[in-house]
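J.: If you scroll down you'll find the structure; I have some questions about it.
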Amino acid sequence: MPQERQEKPVQKKERTDFMSPESSARGEQPSTYFVQDRSKAERERLTVQDQMFTHNMGGVLPEQPDPTLFHSILDVGCGTGSWLIEAARTYPEMTMLVGADISIHIVEYARKLASEQGVSDRVKFFRHGCVAHT
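Going letter by letter, the sequence shown gives residues 178 to 311 in the working numbering.
This is how it looks when you write it as structure tokens:
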């Protein structure tokens, strides 16, 4: 008769080695942000990458027959915010565009970009995590 194998309970171990001391001190959760390098060069690279993706997909909301019908947009995990900023620039009819990201460093950068592009009156960015911790 085969003997049943008893499995040991799996202990969940949180990885904290991803976070720099500065990030942890600012309240960011370990291993919840995809991009760990928050340097100026990396933020700029992410912005260019996002702009390239948006362009190659046909622009902002290319799948929508009439994007001007949208007056507000919520972008969860907005990163550098360049998609929301492009949406605001492309569609002035959109009056409230809100981005949420877990990294305060990225949110601050997005706010700066929105201000530089002249859309900060309609585009707002907030630090907010959208992952439930169990």
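Even glycine gets a Cβ: it sits at the ideal position worked out from N, Cα and C.
All of these numbers come straight from a predicted model, not from anything done at the bench.
1) Thinking just about the alpha-carbon of each residue, which of 266, 280, 278, 272 is nearest to the one in residue 295?
2) Exposed or buried, residue 202, counting other C-beta atoms within 10 Å across all chains shown (16 or more means buried)?
3) At least one CB of chain C closer than 7 Å to the CB of residue 282: is that the case?
4) Could you tell me if residue 217 is buried or exposed, where buried requires 16 or more neighbouring beta carbons within 10 angstroms of its beta carbon?
5) Below 7 Å CB to CB, which residues in the same chain sit around residue 286 once its five sequence neighbours on both sides are set aside?
6) If you run the structure through DSSP and keep just helix, strand and coil, what is residue 268?
7) Taking DSSP's pairing of strands, which residues face residue 299 in a bridge?
8) For residue 236, is the classification buried or exposed, using 16 other Cβ atoms within 10 angstroms of its Cβ as the cut-off for buried?
9) Put residue 246 into one of helix, strand or coil per three-state DSSP.
T.: In short, the structure shows the following:
1) 266
2) Residue confidence for residue 202 is low, a pLDDT of 47 falling below 50, so the modelled location carries little weight; the figure read from the coordinates is stated next. It counts as exposed.
3) Absent from the structure is chain C; it holds one protein chain and no more.
4) exposed
5) 220, 257
6) coil
7) BP columns for residue 299 are empty, so no partner.
8) exposed
9) helix
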